[in-house]
Amino acid sequence: MTQAAPGSAGDRFALYDLLVTYGALIDAMELDAWLALFAASCTYHIVPRENYERGLPAGLVYCDSRAMVEDRIRALREANKYNIHNDRHLIGLPRVIGEERDAKLVEAPFAVYQTDQEGETRLFATGLYRDRIVAEGNGLKFRDKLVLLDTFAVPSLLATPL
Amino acid sequence: MTQAAPGSAGDRFALYDLLVTYGALIDAMELDAWLALFAASCTYHIVPRENYERGLPAGLVYCDSRAMVEDRIRALREANKYNIHNDRHLIGLPRVIGEERDAKLVEAPFAVYQTDQEGETRLFATGLYRDRIVAEGNGLKFRDKLVLLDTFAVPSLLATPL
Amino acid sequence: MTQAAPGSAGDRFALYDLLVTYGALIDAMELDAWLALFAASCTYHIVPRENYERGLPAGLVYCDSRAMVEDRIRALREANKYNIHNDRHLIGLPRVIGEERDAKLVEAPFAVYQTDQEGETRLFATGLYRDRIVAEGNGLKFRDKLVLLDTFAVPSLLATPL
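Protein chains in written order, with our numbering: chain E, 993 to 1154; chain W, 993 to 1154; chain F, 993 to 1154.
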């Protein structure tokens, strides 16, 4: 990492901030700022955990390039004109589970709640982020974001990112 | 901050501890200790997120001074004689979103669960804390606590703080 | 603690990692690795919070030695052959609430969600960990794990650890 010695406290806090900012920007529907958390070259996949563990390819969202993530965001903006709810992400403490040449492999559990127009809040989904995180430009970025979704009884059209 | 150089690890951990202690003291109904987390001059507001975003003044709780927070606590103690449930706060990692002359502007997402006398636990509310935090006395304190509530289908009498 | 000066950033991160790893290993059903987070001499108790506060001895799980924890794990593996669900732990930031001669007393709130075979996710339980944590071997370990359970309307046979 460029900003601090490997394993330094600053490095760890930068990682914590990246994860919590990721959730906060979705909840605020600041999707351009959210997109800026991804590396220039990146992937973004949402896969039911069960499929992932069985090696099945079927994913709910399958973006193999930054251009595909950008397309996805455009579609989500459109969908959200008609699908009025608010998200709230609660993301557990991330932990570093591996180190690669230039990336850290990081896991964090999450729960997403949705509030409808009547002000009722329900659990929407839980799962596990399994991310490859790199130092790029002025900070840490997601190179590969894998959302392992516990909950597969979700609408096939996800109206916001997870 | 008085206790450590700005941005030091100790400073950040003090912030983390302040937030989690805030939730833990409500859950334990140690409301005097909870009150001691606020600065001598402080505010405490609970506002539905939707109202806040539209600039509507209507808040569920509106305490513009420490005396008003103290009054509120007295009322809550009274209410809790008859409203038997336990709270559990889960608060996400706080992040510093701005710096003022002598305060940090800090956000953290939260979920509150309530357990009734039959031992059943339900999600009560989710939302976002948006706080102004200052160094005062021997530690960090809340000068302004703003609870942006996703869930507005909650009883108008909140029997415990959020 | 052996790895870093008391109160150092590394010490705190080691504590954070211990807690989140605890939850992650249960969720992944890696129960041998989970067991390795406990000290050679350890206890593991799950007690409804209400019973604990009233000083009632009745616990849901009562393991007074490492051998009892190991037995419990064997029973859980057996139970999980027939009880197909996935857990997801969300654990709040731990805070150190006391120091003993060679241990730290640590609390952290948690919520556990379960996903059934139809992919539906529900809140299973919330509560508070109150742990004695020691440095042993190459890291921090749980010497005493006390799970204060808010939710007592849970099946008496817990099919996974909390």
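Ideal Cβ placement from N, Cα and C applies to all residues, glycine included.
Short Cβ contact (9 angstroms threshold) for residue i with residue j
| i | j | result |
| --- | --- | --- |
| aspartate 1136/W | glutamate 1099/W | no |
| aspartate 1024/F | aspartate 1079/F | no |
| arginine 1004/E | serine 1033/E | no |
| leucine 1052/F | isoleucine 1065/F | no |
| leucine 1085/E | aspartate 1009/F | yes |
| leucine 1082/F | proline 1101/E | yes |
| alanine 1001/F | alanine 1071/W | no |
Proximal residues to residue i (C-beta, below 6 angstroms), its chain only, five neighbours per side dropped
| i | result |
| --- | --- |
| isoleucine 1089/F | Leu1097, Glu1099 |
| threonine 1113/E | Tyr1105, Thr1107 |
| alanine 1050/F | Asn1043 |
| asparagine 1130/E | none |
| aspartate 1142/W | Arg1041, Thr1118, Gly1119 |
| leucine 1138/F | His1037, Arg1122 |
| glutamate 1128/F | Ala1031 |
| methionine 993/E | With a pLDDT of 34 at methionine 993/E, under the threshold of 50, the modelled position of that residue is not reliable, and the figure given next carries that caveat. Once the five neighbours on either side are set aside, the close Cβ partners of methionine 993/E are Asp1003, Ala1127. |
Simplified DSSP state of residue i, which is helix, strand or coil
| i | result |
| --- | --- |
| glycine 1051/W | coil |
| aspartate 1142/W | coil |
| glutamate 1112/W | coil |
| glutamate 1062/W | helix |
| threonine 1152/F | coil |
| tyrosine 1014/W | helix |
| alanine 1020/W | coil |
| leucine 1085/F | coil |
| leucine 1068/F | helix |
| arginine 1041/E | helix |
| alanine 1158/E | With chain E represented from 993 up to 1154, any question about residue 1158/E goes unanswered, as that position is not in the structure. |
| tyrosine 1074/W | coil |
| aspartate 1056/E | coil |
| arginine 1046/W | helix |
| alanine 1095/F | coil |
| glycine 1129/F | coil |
| alanine 996/W | With a pLDDT of only 40 at alanine 996/W, under the threshold of 50, the placement of this residue in the model should not be trusted; the figure read from the coordinates follows. Three-state DSSP puts alanine 996/W in coil, outside helix and strand. |
| phenylalanine 1005/F | helix |
Residue i versus residue j - alpha carbon distance
| i | j | result |
| --- | --- | --- |
| leucine 1154/E | alanine 1145/F | 31 angstroms |
| glycine 1015/E | leucine 1115/E | 15 angstroms |
| arginine 1069/W | valine 1012/E | 34 angstroms |
| glutamine 1109/F | histidine 1077/F | 6 angstroms |
| leucine 1017/W | alanine 1151/W | 15 angstroms |
| tyrosine 1074/W | methionine 1021/W | 14 angstroms |
| glycine 1111/E | glycine 1111/W | 25 angstroms |
| arginine 1087/F | arginine 1046/F | 24 angstroms |
| aspartate 1063/W | leucine 1048/W | 24 angstroms |
| alanine 1067/W | alanine 1067/E | 48 angstroms |
Residues of its chain near residue i, where Cβ-Cβ distance is below 7 angstroms and the 5 sequence neighbours each way are ignored
| i | result |
| --- | --- |
| valine 1061/E | Leu1027, Phe1030, Cys1034, Tyr1036, Cys1055 |
| phenylalanine 1134/F | Leu1029, Phe1030, Ala1031, Cys1034, Asp1123, Ile1125 |
| alanine 1103/E | Leu1082, Leu1115, Thr1118 |
| aspartate 1094/E | Val1126 |
Sequence-distant residues of its chain with Cβ nearer than 8 angstroms to residue i (five each side left out)
| i | result |
| --- | --- |
| glutamate 1091/E | Leu1097 |
Interface flag, residue i vs chain C, CB-CB below 9 angstroms
| i | result |
| --- | --- |
| proline 1153/F | As a matter of chain content, chain C is missing from the structure shown, whose protein chains are E, W and F. |
Proximity test, residue i beta-carbon vs the ligand ADP heavy atom, cut-off 8 angstroms
| i | result |
| --- | --- |
| isoleucine 1065/F | Looking for the ligand ADP in the displayed structure turns up nothing, as the structure carries no ligands at all. |
- Between the stretch 1131-1148 of chain E and chain W, which residues of the former have a C-beta closer than 9 angstroms to a C-beta of the latter? So the list is empty, because no residue satisfies the distance condition.
- Message: At a CB distance below 7 angstroms, what residues from the stretch 1069-1102 of chain W approach chain E? Give them in sequence order.
- Response: If the cut-off is 7 angstroms between Cβ atoms, the stretch 1069-1102 of chain W has Leu1082, Gly1084, Leu1085, Arg1087, Glu1099, Pro1101 near chain E.
- Against chain F: residues of the stretch 1007-1024 of chain E by CB proximity under 7 angstroms: So the list is empty, because no residue satisfies the distance condition.
- Query: In chain order, what residues of the stretch 1104-1121 of chain E put their CB closer than 7 angstroms to some CB of chain W?
  - Reply: Sequence-ordered contacts of the stretch 1104-1121 of chain E with chain W read Tyr1105, Thr1107, Glu1110, Gly1111, Glu1112, Thr1113, Leu1115 [C-beta pairs closer than 7 angstroms].
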